[in-house]
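Those letters in the sequence shown? Residues 774 to 903, per the numbering used here, in order. Note that CB positions come from ideal geometry on N, CA and C, so glycine has one too. These notes are about the structure you will find just below.
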Amino acid sequence: MRIIILISLFIFNFTSFSIAETNSLIIKKLSVVKRNKPGCYRLGNIYGYCQWMVKLTLRNKSEKSLNSFCSILNVNKKRYEICYGINSSKTLIKANKDKTILINLKDLINYDNDAEMPNVYINNVKAKFK
C-alpha cells in the first residue's frame, strides 16, 4: 500500500499537466518548457534562451467565436490571473478551432531562469463569446 501511495505522489508531484474545461472552451494541452532548450544548454542564458514558458493549447468547441478568456494560473502554489483579449475587439479563436498561447514566466511573474521546473496548472476558466 505504501508503494502505491509513494508512486502516485511521485507522479503527481513531477507532472505539470492539467486540463481545464468550460462548456465551450477546453485547455487541452498544458506544458512547461524552456524557451530554447538546445540554445540554453549550448550558450547559456543569452538572448533569453533559458526562460521558462507555459504553452497552452486552447480549443474552442462552440459555434461562436471566442473574444476573450481569463483563468487562474497556479505556479508553485502561488496564484496569478491571466487574461487574453479583454481590451481587444478582435476574435481570439474562431469557432471550432485551436490556438496555442505561450506565456513567458520571466516576464509575467519574474520566475528565475535557473530555478527548477515550476509546477503549473490552470483552473477557473472564464470565456466570453461573440
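Three or more C-beta pairs under 8 Å: does that hold for the segment 860–867 against the segment 889–899? Output reads no: the segment 889–899 does not touch the segment 860–867.
Span separating the alpha-carbon of Leu875 from that of Asn809: Going by the C-alpha atoms only, they are around 13 Å apart.
Element boundaries [alpha helix (DSSP H), containing Cys856]: Cys856 -> not in any alpha helix (DSSP H); beta strand (DSSP E) instead, spanning 851–857.
Where does Leu865 sit, in a helix, a strand or coil, going by DSSP? Of the three classes helix, strand and coil, the one that applies to Leu865 here is coil, per DSSP.
First and last residue of the alpha helix (DSSP H) that includes Lys810? Element bounds for Lys810: 810–816.
Just to confirm, is the Cβ distance from Asn886 to Asn818 under 8 Å? Contact: yes.
Asn897 - partner residues in DSSP beta bridges: For Asn897, DSSP records no beta bridge to any residue.
Tell me whether Asn786 is buried or exposed, calling it buried when 16 or more other Cβ atoms sit within 10 Å of its Cβ. Low local confidence applies: a pLDDT of 44 at Asn786 is under 50, so the model's placement there is unreliable, and no value is given.
Hey, Val848 and Met826 are a contact pair by Cβ (cut 8 Å); roughly how many whole angstroms apart? Not really, about 12 Å apart at Cβ, beyond 8 Å.
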